[in-house]
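Take the sequence shown: its letter number 147 is residue 147 in the UniProt record's numbering, and every next letter is one higher.
Here the structure comes first, spelled out in structure tokens, and everything after it is commentary.
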Amino acid sequence: MPAKPSVMYRSLMKWIAIILMCVATCVAYGIIHDQITARICVEYFTIGHPPAFPTDDPTLLGLGWGVIATWWVGVLLGVPLAAACRLGRWPKREPRTLWQPLIRLSAISFAIATLAGLVGWIAASNGWVILVGSIADRVPADRHVPFLIDLWAHSASYLVGFLGGVVLIVFILRERQREQLRSGT
């Protein structure tokens with residue numbers, strides 16, 4: 001027997017809520033992250049990215065790129081996370097139960113991005129890594145090290161966000177499976 005429209009509507013709203021929570025968390029993270037990295041190296045945004053904003057102001061660049069560079073990450077995390085929380089016969093996860101894991105993932109991403117930026121600084125300061133190609137020509141030489149700091153921090157954020165998202169999805173699926181086994185149905 002098909003579900004009633006009101007049940008289907010509530011279920012759809014929970015899917016949408018999970019996706020929007022992920023987008024909001026990722027965008028908030030991106031804005032905070034970019035507020036910091038734009039102050040380390042504004043050229044990372046003005047030279048290293050396509051021109052999206054006619055400004056060199058780090059606050060505006062951090063706000064703009066914080067949204068542009070992360071909303072889609074939230075969607076890419078939110079859709080499979082919503083599926084992991086809501087599909088199937090196992091007990092469903094409510095959207096409100098995801099705030100803590102999403103904030104924890106953001107905190108871990110931030111910590112590792114900070115460490116990666118530090119490693120990037122050490123590596124670039126010692127000449128172990130350098131900018132190459134046309135970007136090296138376009139970025140002023142005295143801004144290469146800060147540029148690489150930002151590059152390492154941003155790369156770490158994306159990597160940890162992706163891997164952490166996969167871990168979170170697997171964790172939720174396993175948790176739902178355990179709940180199903182405990183309930184005996």
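Ideal Cβ placement from N, Cα and C applies to all residues, glycine included.
Problem - Buried versus exposed call for LEU115 [16 or more other C-beta atoms within 10 Å across all chains shown] - result: LEU115 is exposed by the Cβ-count criterion.
Practice task
Throw me the rounded Cβ distance for the SER109 and VAL160 pair, which I believe falls under 8 Å.
Solution key: Correct: roughly 4 Å between the Cβ atoms.
Exercise for the section: Can you tell me which of LEU151, ARG174, LEU173 puts its alpha carbon nearest to the alpha carbon of ALA33? Expected result: Contrary to the premise, residue 33 reads as His rather than Ala in this sequence. Shortest Cα-Cα distance from HIS33 to any of LEU151, ARG174, LEU173 involves LEU151.
Handout entry: Residue range of the alpha helix (DSSP H) that includes LEU159
Key = Element bounds for LEU159: 144 to 183.
Handout entry: Same chain, Cβ closer than 8 Å to ARG86, five either side skipped, listed in chain order
Key = The answer, listed in chain order, is SER11, LYS14, TRP15, ILE18, LYS92, ARG93.
Problem - Closest by C-alpha distance to LEU63, when choosing among MET8, GLY30, VAL170 - result: That would be GLY30, whose Cα lies nearest to the Cα of LEU63.
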